[in-house]
Amino acid sequence: MATVSIKNATKTYPGNVQALHGISIDIKDGELIVIVGPSGCGKSTMLRMVAGLETATSGDIHINDEWVNKKEPADRDIAMVFQNYALYPHMSVYQNMAYGLKNRKIPKDQIEQRVRETAKILELENLLVRKPKELSGGQRQRVAMGRAIVREPKVFLFDEPLSNLDAKLRVHMRLEIKRLQERLGVTTIYVTHDQVEAMTLGHRLLLMNEGRVEQIGTPLEVYEKPKTLFVAEFIGSPSMNLIPARLDPSGNQVILGELLPLPLNNFENIVNGDSSVTLGMRPEHLEDCEAENALMFLQVELLEKLGADTIVYGSLDQTDTPLTVRLSGIHPVDTGDRLPLTITPEHLHIFDSDTGNRLN
Amino acid sequence: MVENRPWLNALTHLLLIFGIIVVIFPIYIALVTSTHEAEDILTTVQPWFGSEMLENYGTVLQKGKVSASGIPVGMMMWNSLIMALGIVVGKITISILSAFAIVYFRFPLRNLCFWTIFLTLMLPVEVRILPTYAVVANLGLLNSYAGLTLPLIASATATFLFRQFFMTVPEELAEAARVDGAGPMKFFFDILLPLSRTNLAALFVILFIYGWNQYLWPLIVTTDESMTTIVMGIQRMLYVADAIPEWNITMATAILAMLPPLLVVIVMQRLFVKGLVETEK
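Protein chains in written order, with the working numbering: chain H, 1 to 360; chain V, 1001 to 1281.
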């Protein structure tokens, strides 16, 4: 069991390309942290630094209060699951799982016992003699996890482990990983670019963009109170509607376009001078209502009927701003309709247009 | 192509059979000739096997051709075998290790090293034969197995092949091995070497034939008759002054010279083809 603490970690690649600009996070014992961000944001670099496959240019990495910056991966007592699994192609499943233990000079009978136990957890017992190429994608994935689990490491590191699987299997393995992590209680760092994976798996999320931390928080915190425009746009599907707007000097209203006022609750961050902001509204928070109660009207242009939800694309009546709305269930809307919409003030997100920081 | 045209089938088979006949015919003649008495084949080519097969081959292996200094072919084959195996083992060992260094280690001038090795591809044995001879002579390696094999061992081709192969091995494998606590050499022996199995086999076949068929270099570097290789031996048997050209003996030697490469190809065939065709990852 272990804690991981990263302080001001930076990484500069040759040619002065800075991949990480000072990342800090304290990971609690048994916690599952998901590092999420678009490709190229430095999340894999970050994970590889914890693994020891990449050295930090500056900053400190501690595992269980032990400074590990200069330690070889094998001495850090971590186990990693790679995106393409990196199973040794010429070894059987058993040998793949036993290899790390063998290198640690663990007695044979103990290796055997541990491999069999792990295989049982992952339902790999019947596959132990097979070679990786004789396995399906999901089975390979399980072997890769088995190879990590069998080592009984202090920290699990997952580098986009599900991205090579088909959609259905991905959901299944996602649950499996979550169950397994909870059962074993091992501190875990999980890297993904998929926000659904991030939201469902993580105890806490670390959102990264261009080598910087955008926000650290529980999935719901991140969803309900995104700290920056980037987070607001990244988390949630379909993504949040972001519309240029203007704050009323009183602070009670935010005005869309020229003349569409929306009421605000408890807004204290009065902006001096320039009052232009970016207003964020999640598609699922916009609700249809009676015409007389409507705060705005949507000119419906396109519909996606998913059964559970109906996603409506269109533009706001008086402003021409594009807007996406997610109505639950099947709705009798049609293209060309004028859909009356309302939203509760708590669900309005106000961001500074220049810095991208959250204002309310 | 899955097509069913009987005429095309017949035609292709005819062509193939014709090709095979063209290739096999000289070998057949050599084989037939090696089973006759010397007198029978002095003026004509015999169409069918004679009765002297065992005797001819026995003579060849033990005594060689008396008129051509009479070196037993058995000994020549032994020399050739040692030379070929020496070249194969030496070349593969050196080139796989240098490819390993070039691909997996970051050291200064790494690329320069690679290109220097690569450049030697432009200088085959024949081009550098004089300086090489001088070096070998100065080292006192004339008439020795070391002199026969060492200069032929350095190989850019094999290094290049292994480098290309190593570069197709996913980087994550090396990283996974690092996480699993395998040091560089352990990674090399436990993972890289088994993965290179088919490439090793393919190179073994190619290099064995290359080594076995060496002619110019052994001719220059050996003067001692006990170091004669079989390819040199055949050449010596072709032109003998003032004697009956014993074609039966010469042909028997030629047939014997073909056997080891043939054997190597047959034994390694499956791996060899795999190594050239598929990349198992």
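Note that beta-carbon positions come from the ideal geometry of N, C-alpha and C, so glycine has one too.
Cβ of residue i within 9 Å of any chain H Cβ
i	result
K998/V	There is no way to answer for residue 998/V, as the model of chain V reaches only from 1001 to 1281.
K1063/V	no
K1281/V	Note that K1281/V scores 41 on pLDDT, short of 50, meaning its location in the model is unreliable and no value can be drawn from it.
R1163/V	no
L1173/V	yes
I1206/V	no
K1186/V	yes
P1170/V	yes
I1096/V	no
V1103/V	no
P1218/V	no
A1201/V	no
V1179/V	yes
A1038/V	no
Residue i versus residue j - alpha carbon distance
i	j	result
L122/H	R142/H	6 Å
K43/H	K133/H	29 Å
R1163/V	A1099/V	5 Å
P970/V	G15/H	Outside the displayed span of chain V (1001 to 1281) sits residue 970/V, for which this structure offers no information.
L298/H	P38/H	31 Å
R1283/V	T1043/V	Nothing can be reported for residue 1283/V: it is not among the residues displayed for chain V, which extend from 1001 to 1281.
Q83/H	E304/H	32 Å
D317/H	G236/H	24 Å
S92/H	A98/H	10 Å
R76/H	T218/H	27 Å
F1105/V	T1157/V	20 Å
L1219/V	F1160/V	29 Å
D309/H	V333/H	12 Å
K168/H	Q110/H	36 Å
T1250/V	V1135/V	34 Å
D166/H	G146/H	20 Å
G137/H	L1130/V	58 Å
S1144/V	L1085/V	15 Å
P283/H	L32/H	29 Å
G1140/V	I78/H	56 Å
F1073/V	L1119/V	Checking the sequence, you will find Val at residue 1073/V rather than Phe. Those two C-alpha atoms are separated by around 38 Å.
I1180/V	H1013/V	Residue identity check: residue 1180/V is Asp in the sequence provided, not Ile. Approximately 55 Å between the Cα atoms of the pair.
Y1133/V	V1221/V	7 Å
H331/H	E301/H	15 Å
Where residue i falls: helix, strand or coil (DSSP)
i	result
D194/H	coil
I330/H	coil
G314/H	strand
V222/H	helix
P322/H	strand
G52/H	coil
P340/H	strand
K1281/V	Here K1281/V scores only 41 on pLDDT, less than 50, and its place in the model is too uncertain to base an answer on.
V1231/V	helix
I235/H	coil
N357/H	strand
CB contact below 9 Å: residue i versus chain V
i	result
Y88/H	yes
Q215/H	no
G52/H	yes
I78/H	yes
E72/H	yes
Y99/H	yes
Q83/H	yes
Y64/H	For the sequence presented, residue 64/H should be read as Asn rather than Tyr. So, not an interface residue.
R114/H	no
Residues that DSSP places opposite residue i in a beta bridge
i	result
F1105/V	DSSP output for F1105/V lists no bridge partner at all.
K11/H	L20/H
W67/H	H62/H
A209/H	Looking at the sequence provided, one finds Asn at residue 209/H rather than Ala. Answer by DSSP bridge pairing, in chain order: R212/H.
L279/H	I243/H, I350/H
M296/H	L341/H
L5/H	First, the residue type needs correcting, since residue 5/H is Ser and not Leu in the sequence shown. Note: S5/H sits in a beta bridge opposite D26/H, H62/H.
P263/H	Q253/H
R361/H	Since the first and last residues shown for chain H are 1 and 360, residue 361/H lies out of range.
Spell out a yes or no on whether the segment 243–254 of chain H and the segment 212–231 of chain H are touching, meaning 3 or more CB-CB pairs, one atom from each, closer than 8 Å. no
Using 8 Å as the threshold, is the segment 1181–1198 of chain V in touch with the segment 1055–1063 of chain V, meaning 3 or more CB pairs across them? no
Quick check: the segment 194–207 of chain H against the segment 25–40 of chain H, are at least 3 beta-carbon pairs closer than 8 Å? yes
Sufficient close CB pairs (3 or more, under 8 Å) joining the segment 1196–1212 of chain V to the segment 1079–1087 of chain V: yes
For the segment 1193–1202 of chain V and the segment 1254–1265 of chain V, state whether three or more C-beta atom pairs, one from each stretch, are separated by less than 8 Å. no
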